[in-house]
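Visitor: Using the numbering used here, you'd call the opening residue of the sequence shown number 2 and step up by one each time. Ideal Cβ positions, reconstructed from N, Cα and C, are used throughout, including at glycine.
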Amino acid sequence: MAEVLTAEAVRDELAALGDWTGDPAGISRTVQLGSFPAAIAVVDRVAEVAEARDHHPDIDIRWRTVTFRCTTHSAGGVTQRDIDLARRIDEIVRSAR
């Protein structure tokens, strides 16, 4: 099982990610896309990545606004798997804009 990152490690990773916020319990990012179909397309791409990694974010879709929340439920907090997924989500969002 993956280890939960310390508060300091989460802070350092969040500083590097830039658009994410959170703490050792979970990290999140909200993005606004150009349209509802564009938001759904990003969610679809994230879903494919998440399924391949067997590590799934919580996703909230509100028209063009999508919030991603990452935490490793089985570990009880943020692990390196969440940070890696957050980076991949960032890549997907960048490519959609």
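Have a look at Glu52, Ile84, Gly35 and flag the residue whose alpha-carbon is nearest the alpha-carbon of glycine 23.
Guide: Residue Ile84 is the option with its Cα nearest to glycine 23.
Visitor: Thinking C-beta only, is glutamate 4 closer than 8 Å to alanine 76?
Guide: Cβ distance < 8 Å, so alanine 76 and glutamate 4 count as in contact.
Visitor: By the three-class DSSP mapping on this structure, what secondary structure does serine 29 have?
Guide: Of the three classes helix, strand and coil, the one that applies to serine 29 here is strand, per DSSP.
Visitor: Hey, out of Leu6, Arg89, Thr73, Ala48, whose CA is closest to aspartate 61's CA?
Guide: Here the closest residue by C-alpha is Ala48.
Visitor: Going by DSSP, which residues form a beta bridge with arginine 46?
Guide: The partner list for arginine 46 (beta bridge, DSSP) is empty, contrary to what the question assumes.
Visitor: Valine 50 and arginine 95 - do their beta-carbons sit closer together than 8 Å?
Guide: No, the Cβ-Cβ distance between arginine 95 and valine 50 is not below 8 Å.
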